[in-house]
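Undergrad: This is the structure I have questions about; it appears just below.
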Amino acid sequence: MRLLITLLLIACQCPLYAAVLHTGHGQRYTTVATAAKAAIPGDTILLHNGTYPGDQLLDGLRGAPGKWIYIIAEKKGSVLFKGGAAAWRGSDLAYIQIEGIVFTGQTGNGVNMDDGGTYASPAHHIIFQQCTFRDMAATGNNDLLKLSGADDVTIQQCTFLNGSPGGSGIDMVGCHNSLILQCRFENMGANAVQMKGGSSHIRVEACLFKNAGSRAINLGGSTGLAFFRPANAAWEAADLQVYSNVFIGSEVSVAFVGCTRSEVVNNTICNPGRWVIRILQENKDTARFGKCGNNTFRNNMVAVDNQLRTACSIGPGTAPESFTFSNNLWYHAGNDRWAGPQLPAPDKDALTGKDPLFNNINKEDFSIAPNSPAALAGLPLSQPEKDHAGRQFRRQRAIGAFEVRE
Numbered sequence: 008m009r010l011l012i013t014l015l016l017i018a019c020q021c022p023l024y025a026a027v028l029h030t031g032h033g034q035r036y037t038t039v040a041t042a043a044k045a046a047i048p049g050d051t052i053l054l055h056n057g058t059y060p061g062d063q064l065l066d067g068l069r070g071a072p073g074k075w076i077y078i079i080a081e082k083k084g085s086v087l088f089k090g091g092a093a094a095w096r097g098s099d100l101a102y103i104q105i106e107g108i109v110f111t112g113q114t115g116n117g118v119n120m121d122d123g124g125t126y127a128s129p130a131h132h133i134i135f136q137q138c139t140f141r142d143m144a145a146t147g148n149n150d151l152l153k154l155s156g157a158d159d160v161t162i163q164q165c166t167f168l169n170g171s172p173g174g175s176g177i178d179m180v181g182c183h184n185s186l187i188l189q190c191r192f193e194n195m196g197a198n199a200v201q202m203k204g205g206s207s208h209i210r211v212e213a214c215l216f217k218n219a220g221s222r223a224i225n226l227g228g229s230t231g232l233a234f235f236r237p238a239n240a241a242w243e244a245a246d247l248q249v250y251s252n253v254f255i256g257s258e259v260s261v262a263f264v265g266c267t268r269s270e271v272v273n274n275t276i277c278n279p280g281r282w283v284i285r286i287l288q289e290n291k292d293t294a295r296f297g298k299c300g301n302n303t304f305r306n307n308m309v310a311v312d313n314q315l316r317t318a319c320s321i322g323p324g325t326a327p328e329s330f331t332f333s334n335n336l337w338y339h340a341g342n343d344r345w346a347g348p349q350l351p352a353p354d355k356d357a358l359t360g361k362d363p364l365f366n367n368i369n370k371e372d373f374s375i376a377p378n379s380p381a382a383l384a385g386l387p388l389s390q391p392e393k394d395h396a397g398r399q400f401r402r403q404r405a406i407g408a409f410e411v412r413e
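Add 7 to a position in the sequence shown, counting from 1, and you land on the number used in our numbering.
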């Protein structure tokens with residue numbers, strides 16, 4: 008029934024000549040690659056249930072405004088692309104929506120989409136909805152989802168499990184104007200989400216990061232000069248937004264690495280392994296790149312235990328004094344006498360040593376009731392509008408990823 012409703016909704020949005028291309032075992036199109044060659048703007052590639060090999064090439068698959076090409080699973084989670092160097096590779100894709108598919112067991116990158124090296128014409132308008140990326144069959148710098156030179160990308164309600172020890176869940180190089188929303192990342196390697204190489208205006212919102220690698224989120228990084236998009240970018244990343252997320256574990260929850268004008272606001276951070284945040288400058292070209300600075304850490308709920316080394320680790324060549332800290336709650340569950348974090352700038356209106364009174368931390372329920380010290384203690388802001396559960400933040404908002412639970 009859900010599939011029928013989805014197809015009817017797609018049909019209502021597409022021109023009358025749009026077709027459904029039945030694809031898979033026993034169908035007219037046996038592979039997604041052959042269906043992609045036949046598809047025109049407005050078509051739907053319907054993948055029938057089954058397991059299919061990787062190394063599918065989708066180069067040049069392009070819909071159009073108002074005539075998207077949809078690639079959807081007959082039943083969510085019942086279409087698997089297993090193995091291959093990459094499950095799918097595609098350059099110069101545009102106006103493509105991918106829904107309900109599982110990618111597993113690749114040796115290179117799970118899915119790889121890029122601009123074909125033509126930086127002036129990025130891949131763009133790509134949606135991943137309710138997909139699963141899991142179980143990389145590799146140990147190096149291999150990513151579950153690799154995006155290079157892709158703009159206007161939405162990754163929503165997707166799951167990322169068991170990444171390569173040296174890779175990312177989502178690695179974005181020179182990507183812009185994109186959204187990662189309501190996704191789950193668990194058992195990652197180097198990081199869950201990395202945005203570098205001139206990436207900008209990307210929002211990561213209402214996601215769950217559980218044991219999500221050495222750096223759960225890497226805001227920036229270290230990119231070879233030939234791979235920047237735009238080519239003249241003077242920062243690894245800029246104007247990134249990390250809103251209403253929950254972080255559990257990882258060596259460090261948030262790393263600011265050569266980035267600027269980026270915000271980490273209204274998140275809940277629980278028991279990071281070494282640090283809460285790091286401020287680093289890994290690209291050493293000081294003639295071109297400004298120092299990591301002018302970033303914001305605000306309205307965050309931070310609960311740590313005895314494994315914490317220090318709340319904020321600062322590397323050389325950065326501008327930590329330019330950071331803005333305010334209205335964060337800091338609680339050390341194993342040390343009632345903890346004086347709070349040592350930060351490079353004052354944390355205005357911070358709360359220290361106050362138990363946030365999570366509803367049930369053992370069940371990873373980090374919601375709060377009206378008697379929490381975090382209630383009504385956040386700085387009033389216009390963004391984020393909604394908390395981790397999708398509830399509207401109040402005008403006098405709470406600290407952390409959850410608005411007060413009545």
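No residue lacks a Cβ here, since even glycine has one placed at the ideal position from N, Cα and C.
A quick note: this is a predicted structure, and the numbers were derived from the prediction, not measured.
Drop a sphere of 10 angstroms on the beta-carbon of Ser128, count the other beta-carbons inside from all chains shown, and report buried for 16 or more, exposed for fewer.
TA: Ser128 should be labelled exposed.
Undergrad: Quick check on Asp178: buried or exposed, where buried means 16 or more other Cβ atoms within 10 Å of its Cβ?
TA: Looking at its Cβ environment, which holds 16 or more other Cβ atoms inside 10 Å, Asp178 is buried.
Undergrad: Give the single residue among Arg236, Thr139 and Arg191 whose Cα lies nearest to the Cα of Asn184.
TA: Of the candidates Arg236, Thr139 and Arg191, the one whose C-alpha sits nearest the C-alpha of Asn184 is Arg236.
Undergrad: By the 10 Å Cβ neighbour count, where 16 or more other Cβ atoms means buried, how is Lys153 classified, buried or exposed?
TA: Looking at its Cβ environment, which holds 16 or more other Cβ atoms inside 10 Å, Lys153 is buried.
Undergrad: Does Ser389 pass the burial test, meaning 16 or more other C-beta atoms within 10 Å, or should it be called exposed?
TA: Per the 10 Å Cβ criterion, exposed.
Undergrad: Ignore the nearest five residues each way along the sequence and tell me which others in Phe365's own chain have a CB closer than 6 angstroms to its CB.
TA: Here the set comprises Phe373.
Undergrad: For Lys89, I'd like the list of residues in its chain whose CB is within less than 6 angstroms of its CB, leaving aside the five on either flank, ordered along the chain.
TA: Cβ neighbours of Lys89 beyond the five flanking positions: Thr58, Thr111 and Gly112.
Undergrad: Since Asp299 contacts Leu287 with CB under 8 angstroms, what's their CB separation in whole angstroms?
TA: Position check: residue 299 holds Cys in this sequence, whereas Asp was assumed. About 6 angstroms; that satisfies the 8 angstroms criterion.
Undergrad: Rounded to whole angstroms, what is the Cα-Cα separation between Leu65 and Ala94?
TA: Cα-Cα distance, rounded: 11 angstroms.
Undergrad: Are the segment 348-361 and the segment 316-331 in contact at 8 angstroms, needing three or more beta carbon pairs?
TA: The segment 348-361 is in contact with the segment 316-331.
Undergrad: Met308: which of Ile224, Ala381, Thr38 and Ala262 sits nearest, CA to CA?
TA: The option with the nearest alpha carbon to Met308 is Ala381.
Undergrad: Could you tell me which of Asp159, Pro48 and Asn252 sits nearest to Lys217, measuring between CA atoms?
TA: Among Asp159, Pro48 and Asn252, the Cα nearest to that of Lys217 is on Asn252.
Undergrad: Determine the extent of the beta strand (DSSP E) in which Asn39 is found, giving its start and end residues.
TA: The question names Asn, but residue 39 in the sequence shown is Val. Run containing Val39: none in the beta strand (DSSP E); it sits in the alpha helix (DSSP H), Val39 to Ala45.
Undergrad: Given that a residue counts as buried once 16 or more other Cβ atoms are within 10 Å of its Cβ, and exposed if not, what is Arg141?
TA: Under this definition Arg141 is a buried residue.
Undergrad: Can you name the start and end residues of the beta strand (DSSP E) that Cys319 belongs to?
TA: From DSSP, the beta strand (DSSP E) with Cys319 extends over Cys319 to Ile321.
Undergrad: Determine the burial state of Gly316: buried for a count of at least 16 other Cβ atoms within 10 Å of its Cβ, exposed for fewer.
TA: In the sequence under discussion, the amino acid at residue 316 is Arg, which differs from the Gly named in the question. By the neighbour-count rule (16 or more Cβ atoms within 10 Å), Arg316 is not buried but exposed.
Undergrad: DSSP three-state call for Cys21: helix, strand or coil?
TA: Confidence at Cys21 is low in this model, with a pLDDT of 47, below 50, so the placement of that residue should be treated as unreliable; the coordinate-derived value is given next. Residue state, collapsed to three classes: coil.
Undergrad: Rounded to whole angstroms, what's the CA-CA distance from Arg2 to Ser260? Just pull it up for me.
TA: Only positions 8 to 413 of the chain appear in this structure, which leaves residue 2 out of reach.
Undergrad: Helix, strand or coil: which one does DSSP assign to Asn307?
TA: Here Asn307 sits in coil by DSSP.
Undergrad: Select from Tyr77, Ala238 and Gly123 the residue whose C-alpha is nearest the C-alpha of Ile103.
TA: For the residues Tyr77, Ala238 and Gly123, the minimum Cα distance to Ile103 belongs to Tyr77.
Undergrad: How is the beta strand (DSSP E) around Gly176 delimited, first residue to last?
TA: Here the beta strand (DSSP E) through Gly176 covers Ser175 to Val180.
Undergrad: Take Pro172 as the anchor and find which of Phe135, Ser257 and Asp158 has the nearest alpha-carbon.
TA: The candidate whose alpha carbon is nearest that of Pro172 is Ser257.
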